[in-house]
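Report on the structure given below.
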């Protein structure tokens, strides 16, 4: 019989090492800010619905390509911010290879860089450390595939969703 793991950091570590598969037929739903939309994809782990979800937040009214990808386990445990107008500054409690900032380019908040902010019983409220994305990640499909690769989300047989078009005439 396997021992029960009570350290949430270990549970997240294991989740990130395990293949996950998006499932269901979700639809875009309105987000809290007017015009923003989100898509929530439940994730299967070993054929069973898990507590993990993949969330896409889109900003169709933005003049430039703008979206966020979140791997959620109650709270965000990994996040990609494809934005160019929000300043990010990393924490002083960061890996040595991360620059302090500030920077305003697309970036990725990896669990490995933010695990230090978790405790045995709780996940961090904010992912404070981020890495600047490689400049070759310029489109939603390419960036989505990259994020899923980083978080072991298997996209075999899964159609990458299209970001919704603006509902305004610009």
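Numbering (the numbering used here), first residue to last: 3 to 172. For glycine and all other residues, C-beta sits at the position ideal for the given N, C-alpha and C. If you're wondering where the values come from, they're calculated on a predicted model, not measured in any experiment.
Between residue 164 and the set 45, 152, 68, 76, the nearest pair of CA atoms involves 68. Residue 39 sits buried, since 16 or more C-beta atoms from the chains shown fall within 10 Å of its C-beta. Shown here for residue 116: same chain residues with a beta carbon closer than 7 Å to its own, the five before and five after excluded, namely 126, 129, 130, 131 in chain order. Pairing residue 71 with residue 149 gives a Cβ-Cβ distance under 7 Å.
Rounded to the nearest angstrom, the Cβ distance from residue 56 to residue 46 is 11 Å, too far for a contact under 8 Å. Counting the other Cβ atoms within 10 Å of the Cβ of residue 81 gives 16 or more, which makes it buried.
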